[in-house]
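> Take this structure first; my questions come after.
Chains as they are written, first to last, in our numbering: chain A, 251 to 475; chain B, 214 to 458.
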């Protein structure tokens, strides 16, 4: 058992180290998130009351699109340099190793997105009191999103120009996350009770943790054949 | 337990022959049922007291919508069988279900929109059922896109099978989320169909149409399965013999 934990820690440490040596790749999805959400006030209106109305939608669509960008890089380098094959041949459970990999991906992409969302939300005239709730909602939603992306990215390993296909596969499956995430954010802005949508986001995260690594391992194994 | 019957199904020449025998037995009853259902629905059934003749599109719309979901389920079941038992023929069935199901989804969407224009005053309203149907169409397109993007046919089979199985877990979640989303955001201007206690002269043609469309679906899938098997087995000797006859 301790060997499995050791392996997971090794995977996560390796991913974090690689990411911090190549910070640009880490920043690009975040910058994309900020820029896309900046376009909305420019296209729509700078009027705070209208911005506040569309803030949940803008925030979540932006978060969804920018995590798609990040998901594209989840396996790319590991597939190219043979690390994924080593995972599959290591004798450890591929499911478990990919779960660790997805966890490190969430730390590198989902968590920064959640931490960045108050900045974006503030730009959309969201009252500061709603910020902790928004961070929690985006953080919870990106857990399920990372897991979902781990499956669809696994399916598109080695597909040339897989980026557009990746969005075609992931976005329809992410509809429930978008609905409940935006709703939690809207309730937070109104100062209402956001328990129900947060429970749903939590339920999706749990469902993703239990099932997605299995599907991701099957997908990666197929792609490595 | 004797599993030989399952392995017989798994043999491409056997399934090719079986599908060929079955197709006329399904297609002709389908044609008869659809003709009878259309006559019953368009001529015999009385106009609806509220919707007039507009309701008659239900005779095409409801069976299409039902089949769009059923085709997805069948596709996922066939894909699962193909993944678990590594049955090549099951992948051929899954691959054949997808385009047929996608077209039934398109039919359900288009007829829904045509019905929406006179009833709701607009072609498109974010009605939960229409929205869920649209997402279903995207799922089909994703499946077909993944299948066509991977060049190696066996990898394409298995990768798209994983996607189909993941999707089938997600379809009910999408459906209920969309309904929940809608119950909160939707303006009450939309008139609901309201689960009416539909009368027998209206219901009977509808049931006949359901039977006819289902038979049609199975027949279409079997025709496509025959094509898929021929394409996949084109190197095999039995194909040369079958095609030469």
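Glycine included, each C-beta is placed from N, C-alpha and C at the ideal position.
1. With distance defined between alpha-carbon atoms, name the residue in 259/A, 385/A, 419/A nearest to residue 438/A.
2. Starting from the Cα of residue 289/B, find the closest Cα among 278/B, 429/B, 311/B, 280/B and give me that residue.
3. Do we get a CB-CB distance below 8 angstroms when we pair residue 238/B with the residues of chain A?
4. In this structure, does DSSP put residue 265/B in helix, strand or coil?
5. What does the Cβ neighbour count give for residue 330/B, buried or exposed, with the cut at 16 atoms within 10 Å?
6. Quick check on the DSSP output: the alpha helix (DSSP H) that includes residue 332/A runs from which residue to which?
7. Given that residue 349/A touches chain B, what residues does it touch there, using C-beta distances under 9 angstroms?
8. So with Cβ pairs under 8 angstroms, would you call residue 362/B a contact of chain A?
9. Between 287/A, 296/A, 348/A, which has its C-alpha nearest residue 258/A's C-alpha?
10. Under the rule that 16 or more other beta-carbon atoms within 10 Å means buried, what is residue 362/A, buried or exposed?
11. So, for residue 308/A: in the same chain, excluding its five sequence neighbours on each side, which residues have a beta-carbon less than 7 angstroms away from its beta-carbon?
12. Can you find a heavy atom of the ligand HEM that lies under 7 angstroms from the Cβ of residue 293/B?
13. Going along the chain, which residues of the stretch 340-367 of chain A sit with their C-beta nearer than 7 angstroms to a C-beta in chain B?
14. Considering only the alpha carbon of each residue, which of 277/A, 379/A, 279/A, 390/A lies closest to residue 459/A?
15. For the stretch 289-301 of chain A, which residues have a CB atom closer than 9 angstroms to at least one CB atom of chain B, in sequence order?
16. Please check if any C-beta of chain B sits within less than 8 angstroms of the C-beta of residue 430/A.
17. Could you please give the first and the last residue of the uninterrupted alpha helix (DSSP H) stretch that includes residue 285/B?
18. Have a look at residue 304/A and residue 312/A and give me their C-alpha separation to the nearest angstrom.
19. So, with DSSP's three-state summary, where would you put residue 257/A?
Well, looking at it:
1. Stepping through the first chain from its first residue, residue 438/A is reached at position 188. Ranking 259/A, 385/A, 419/A by Cα distance to residue 438/A puts 385/A first.
2. In the second chain, the residue the question calls residue 289/B occupies position 76. Closest option to residue 289/B, Cα to Cα, is 311/B.
3. Translated into the one-based positions of the second chain, residue 238/B becomes position 25. For residue 238/B, the answer is no, since every Cβ of chain A falls outside 8 angstroms of its Cβ.
4. In the second chain, counting from the first residue as 1, residue 265/B sits at position 52. Looking at residue 265/B - three-state DSSP - the assignment turns out to be strand.
5. As a working mapping, residue 330/B is identified with position 117 in the second chain. Classification of residue 330/B: exposed, given that the 10 Å Cβ count is below 16.
6. Here residue 332/A is taken as the residue at index 82 of the first chain, counted from 1. Looking at the DSSP string, residue 332/A is not in any alpha helix (DSSP H), and its letter there is neither H nor E.
7. Counting from 1 along the first chain, the entry for residue 349/A is found at position 99. By Cβ distance, chain B contributes nothing, its closest Cβ being about 16 angstroms from residue 349/A, past 9 angstroms.
8. As a first step, residue 362/B must be located in the second chain, where it is residue number 149. Chain A contact via Cβ: present.
9. Working through the first chain from its first residue, we reach residue 258/A at position 8. When C-alpha distances from residue 258/A are compared across 287/A, 296/A, 348/A, the shortest belongs to 348/A.
10. Here residue 362/A refers to the residue found at position 112 when the first chain is read from its first residue. That one is buried.
11. The residue you call residue 308/A lines up with position 58 of the first chain. Cβ neighbours of residue 308/A beyond the five flanking positions: 287, 290, 374.
12. The model depicted lacks the ligand HEM and carries no ligand whatsoever.
13. none
14. Locating residue 459/A in the first chain gives position 209, where the first residue counts as 1. The residue with the shortest Cα to Cα distance from residue 459/A is 390/A.
15. none
16. Translated into the one-based positions of the first chain, residue 430/A becomes position 180. Chain B, which has a Cβ nearer than 8 angstroms to the Cβ of residue 430/A, makes this yes.
17. The count along the second chain starts at 1 and reaches residue 285/B at position 72. Residues 271-298.
18. As a first step, residue 304/A is located in the first chain; it is residue number 54 there, counting from the start. As a first step, residue 312/A is located in the first chain; it is residue number 62 there, counting from the start. Cα-Cα distance, rounded: 12 angstroms.
19. Residue mapping note: residue 257/A aligns to position 7 of the first chain, counting from 1. Per DSSP, reduced to three states, the secondary structure at residue 257/A is helical.
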